[in-house]
Amino acid sequence: MSSQTATLDVTGLSKVFRNTGDGIAGGIREANFSLAPGTFFTLLGPSGCGKTTTLRCVAGLEQPDSGAVRLGQETFFDAARGINVPLNLRNIGMVFQSYAIWPHMTVFENVAFPLRVAKGESYEKAEVERLVGEALETVNLAGFQSRSATRLSGGQQQRVALARAIVRKPKLLLLDEPLSNLDAALREDMRNELKRLQKQVGVTTVYVTHDQAEALAMSDLVAVIDQGRMVQMGPPREIYFRPRNAFVAGFVGATNLVHGTVLDRVPANEVGAVRLDDGRVVRCLFPDPTPASRRIAVSVRPETIQLSPASAPERAGFNRMTGTVVFAGFLGNMNRYSLRIGGDVMHANAAPEVNLAEGSEVAIDFSFESAVGIPMADEIAQGRSAA
Amino acid sequence: MIIVLGGLVIPPIAVLTQQSLTEALFDGSRGAFTFEHYERLFADPKLYVSARNSVTFATLSTIFALAFGGIIAWVVERTNAPLRGLAYLTTIISLGMPFILYVLAWLFLLGRAGPLNDFYRNLTGSTDTLFAVHSMAGMVLVETFSWLPLVFLLFSATFRASNAEMEEAARMSGASIIATVWHVSLKLARPAILATALFVFIRSLEAFDVPMLIGTPAGINLLTSDIFFSIRAVPPDLGHASAFSVLLTVVIAILMYFYGRISRSADRYATVTGKGYRPRPFDLGRWRWVGSLLVLLHFAVMLGLPLLGLLWVSVMPFVRPIRFAALPFATLKNYEAVFKVPAYLTLTWHTLVIAAAAATLGMALMVVTGWLVARRKPGATFLDQLTTMPLLLPGIVLGVAMMEIALRSPVPLYGTLAIIVIAFVVRYMPYGMRYAFSGVLQIHRELEEAAGVAGASTLTVLRRIVAPLLSPAIAAGWLFIFLNAAKELSIPILLSGPNTQTMAVAIFEQSTNGQFSELAALGLLWTLLMTVFAVVFYLLMRRQSSSAYR
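Protein chains in written order, with my numbering: chain A, 1418 to 1804; chain B, 21 to 570.
1) Any idea which residues DSSP pairs residue 1430 (chain A) with across the strands?
2) Give the C-beta separation of residue 1751 (chain A) and residue 1768 (chain A) to the nearest angstrom, bearing in mind that I take them to be a contact with Cβ-Cβ under 8 Å.
3) Starting from residue 1649 (chain A), follow the beta strand (DSSP E) in both directions and report where the run begins and ends.
4) Along the stretch 1498-1511 of chain A, where does the CB come closer than 9 Å to a CB of chain B? Name the residues.
5) Is residue 1738 (chain A) helix, strand or coil by DSSP?
6) Using the beta-carbon count (16 or more within 10 Å), is residue 294 (chain B) buried or exposed?
7) Identify, in the order they occur along the chain, each residue of the same chain with its Cβ nearer than 7 Å to the Cβ of residue 1426 (chain A), setting aside the five sequence neighbours on each side.
8) By how many angstroms is the C-alpha of residue 62 (chain B) removed from the C-alpha of residue 505 (chain B)?
9) Expressed to the nearest angstrom, what Euclidean distance is found between the alpha-carbon atoms of residue 509 (chain B) and residue 309 (chain B)?
10) In terms of residue numbering, what span does the beta strand (DSSP E) encompassing residue 1723 (chain A) cover?
11) Within the continuous alpha helix (DSSP H) that includes residue 454 (chain B), where are the two ends?
12) Of all the alpha helix (DSSP H) runs that stay within the bounds of the stretch 1539-1603 of chain A, which reach a length of 4 or more residues?
13) For residue 1536 (chain A), which residues in chain B fall below 7 Å Cβ to Cβ?
14) Could you tell me which of A:1785, A:1739, A:1695 sits nearest to residue 1760 (chain A), measuring between CA atoms?
15) So which residues of chain B does residue 1478 (chain A) contact, with C-beta pairs closer than 9 Å?
16) Would you give the residue range spanned by the alpha helix (DSSP H) that residue 1687 (chain A) belongs to?
17) Are any of the Cβ atoms in chain B nearer than 8 Å to that of residue 1581 (chain A)?
18) Name, please, each residue of chain B whose Cβ falls closer than 8 Å to the Cβ of residue 1521 (chain A).
19) Find the nearest neighbour of residue 1597 (chain A) within the set A:1519, A:1521, A:1626, A:1639, judged by alpha-carbon distance.
20) Please classify residue 478 (chain B) as buried or exposed, where buried requires at least 16 neighbouring CB atoms within 10 angstroms.
21) When burial is assigned at 16 or more other CB atoms within 10 Å of the CB, is residue 1778 (chain A) buried or exposed?
22) Helix or strand or just coil, what does DSSP make of residue 1522 (chain A)?
23) Below 7 Å CB to CB, which residues in the same chain sit around residue 412 (chain B) once its five sequence neighbours on both sides are set aside?
24) Where does the unbroken beta strand (DSSP E) through residue 1459 (chain A) begin, and where does it stop?
25) When the Cα of residue 1445 (chain A) is compared with those of A:1713, A:1703, A:1646, which residue comes out closest?
26) Mind listing which residues of the stretch 1527-1552 of chain A have their C-beta closer than 7 Å to chain B's C-betas, in chain order?
27) Alpha carbon to alpha carbon, how far is residue 1476 (chain A) from residue 1461 (chain A)?
28) For residue 1480 (chain A), is the classification buried or exposed, using 16 other Cβ atoms within 10 angstroms of its Cβ as the cut-off for buried?
29) Using 8 Å for Cβ pairs, my map puts residue 32 (chain B) next to residue 421 (chain B). What's the rounded Cβ distance?
30) Given this structure, state the Cα-to-Cα distance separating residue 205 (chain B) from residue 1518 (chain A), to the nearest angstrom.
31) Establish whether the CB of residue 1513 (chain A) and some CB of chain B are separated by less than 8 Å.
32) Take every Cβ of the stretch 70-83 of chain B, pair it with every Cβ of the stretch 216-224 of chain B, and state whether three or more of those distances are shorter than 8 Å.
33) Between residue 1517 (chain A) and chain B, is any beta-carbon pair separated by less than 8 Å?
34) Confirm, please, whether the CB-CB distance from residue 1535 (chain A) to residue 1556 (chain A) is below 8 Å.
35) For a cutoff of 8 Å on Cβ pairs, would you count residue 183 (chain B) as touching chain A?
36) Measure the CB-CB distance between residue 1466 (chain A) and residue 1644 (chain A) and report whether it falls below 8 Å.
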């Protein structure tokens, strides 16, 4: 059998849903991505942003308005050339949000179904049994063959759905929020197992989630989608540490945004100086080249802020501000503080043993590289800056 | 409450059983205990002929109604065929049409003088008929039509509530549309299909109007028409009819038991639904027009053709084939007659009063009962069983029982509107209960407890909290009883005296007297009135079910 993986190319993919009255009601516009074989790719965004639409377009459950979808040598969809391969001929594995385990079949029949209905392939009885057995073993459900599908726990249903998706050895695996119906503890286990499984099978995978922790923990590549647009694509660390706009900074992890103006032109990936609106000057990293006098927001992650007594000496390579603790919350694994600095309020996470009383004066330090300058092209930055 | 309900439900069954086991005496006094009626019943070879006819009739009607109704429901709910909305319109309007009118319309359309045979004769020049409507085929055809609205509504609800991801998963696994429908959609719907099939089968066994109007002229007797004839015999053979009724009730009870088991097992297939779930229709591609054609056909047989047929008949001075040559004879005389003859007005008035009284009384009882059962008050289980008991009694059987009660009652009940109302209350008790019970279940118990803590008595809680919150369910249940009581034939035909006829009975009795044209006019106007009620009913149901999912 040929290698169970291939390159997925999606170019200019658009699918817009319209309301009768007020125009656009969701969908995706101009999505582009190319995934090397074996990539674990995550579409991350809030509900209604278009991530599931993108996935369904790749699957063939939805017909795109324009663009093209190719897997390896095969073109699934090309609006310009009028190609649209029916979804049942694409051989893509998919796990649905509700798992969609057919209750009238046993576990074995559920997993064997793709082998039975596949066009142009027919399997001997023994072959079907072997392949189903393999698939169930891969998801750690060996021996469950004759179990009725109605007598499965949520986690087991999920595994059956996975086995069914990989049994025909597809070159592409699509996962639509598969963990969202599980309880928190199980979710973490399944997250690790899903990742292990994907590595083991080596299949190119597209994963849809609104949970940023899932996206960061599992993916090789993450695309953040906001209101139908892919706003940033990159490895998890880049998404987290180098957000390109205020939406990404705010949606992937929590952040503080402080507004200001760039003092001098800064080349890409260098530290530059910013005059904040209250007159103070801080230094932060700029992922993109930025001209002088540009309005920006400085994104400071709460966990990068170090708090010390107001009298502590300044440190090289760190910005220093002073402020007042207005709220202190003890969360067990950490302390969470709200700090008033001039007119702004910033949030900081500190180790549980750091104990600061409300009303006390503190020194606030964060390194130049940990803070990121983000262009304020859009209105979202204005709206979310209060956080 | 137990006493009130028991007083309504138990006597019919008791009276039937007792009557079937006592000697017939003409002075009305009680005779000796005897098995004679049963012996006579089972010894009569006609029983087995009628039984076989009944089973054939019910089986075929069920199969056709399910097949056609199911396909229409699937096309409407799960595909992108154009014109889908028409099916709902068709169904709602046909809910309001007295079924007897339907039968008459089809008798005209398919009858000797009707357009089908007329066309055939013109085409071939023969004097034969292409299709004899007074036959088993004719009966099955018309009975099938009668179940389409119900089958359509039940199935479309099933398809709407089903998880579309189940089907999408099959498509992603490589299955074609046909394979998906066969292996997944149909199999998932199997418990619902079986339950519906059994239900339609039971109700077809109980059917009365089609066997009477279409079967009897052809000499085809069914169990229900046999019961009717032994009552209408001179002298009325009450013992025989009672024994017959008990037999039919036992058969229905057995079937109902299986129905209950099947519909319970349907819950087993309830599945997890994704949060972002939104059913997406199948793309039929080039086959979309086939779907539209089916919807149009549904419209034609359910509404278009019968209404056109009735319209034609209603503007003609007497029944004649549809020809251009006949057009100059068109007249509104029949409509004038409907408004001028006081008997028709009385008829309309009586029917509305009976239906409204039955609906009001029935729902009032069922709201209290439904609340008691839903809140698990003492005696709840027994009350619940009492309310489902009338399901066992076919309309004609309940009619026989009520007639016997009326004849024995010390207060003169026979031939009054009251006895018909009581019979309807009993007959529609299970349905009213279903509306009231599920309505109460949707009201959070704490809303009532809060009122109790605030100092309200139980009655005040019922009146001020439960009843207002329940009002959509009450209204829907009321309209359901009202609509059905207004068109039911089998009960009032046995209970109404000359001065207490209902619309359906009048149409039935006069359909043989050659006043067909006036009846058609009357029927059309009546349908118009009932359609208004049916539309309100449908809108209420929609609102209720949509709020239930929030």
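Virtual Cβ for every residue (Gly too), placed ideally from N, Cα, C. Fair warning: this is a prediction, and the values are worked out from it, not measured in the lab.
According to the structure shown:
1) A:1448
2) 6 Å
3) 1646-1651
4) Under the 9 Å Cβ criterion, the stretch 1498-1511 of chain A contributes 1503, 1504, 1505, 1506, 1507, 1508, 1509, 1510, 1511.
5) strand
6) Because residue 294 (chain B) sits at a pLDDT of 39, beneath the cut-off of 50, its placement in the model cannot be relied upon, and the following sentence gives the value as read from the coordinates. Buried, because 16 or more other Cβ atoms sit within 10 Å of the Cβ of residue 294 (chain B).
7) Excluding five sequence positions before and after residue 1426 (chain A), the CB atoms of its chain that fall closer than 7 Å to its own CB belong to 1451, 1487, given in chain order.
8) 33 Å
9) 39 Å
10) 1723-1726
11) 449-461
12) 1542-1555, 1571-1583
13) 194
14) A:1695
15) 188, 191, 192, 300
16) Counted as a single uninterrupted DSSP element, the stretch harbouring residue 1687 (chain A) is not any alpha helix (DSSP H) but the beta strand (DSSP E) occupying residues 1687-1693.
17) Taking a beta-carbon distance threshold of 8 Å, residue 1581 (chain A) counts as an interface residue toward chain B.
18) 207, 208, 210, 289
19) A:1626
20) exposed
21) exposed
22) coil
23) 269, 272, 273, 276
24) 1457-1461
25) With distances taken between Cα atoms, residue 1445 (chain A) lies closest to A:1646.
26) 1530, 1531, 1534, 1535, 1536
27) 17 Å
28) Within a 10 Å sphere around the beta-carbon of residue 1480 (chain A) sit fewer than 16 other beta-carbons, which makes this residue exposed.
29) 4 Å
30) Answer to the nearest angstrom: the Cα atoms are 13 Å apart.
31) yes
32) yes
33) yes
34) no
35) Judged by the 8 Å Cβ criterion, residue 183 (chain B) is in contact with chain A.
36) In this structure, the beta-carbon distance from residue 1466 (chain A) to residue 1644 (chain A) falls below 8 Å.
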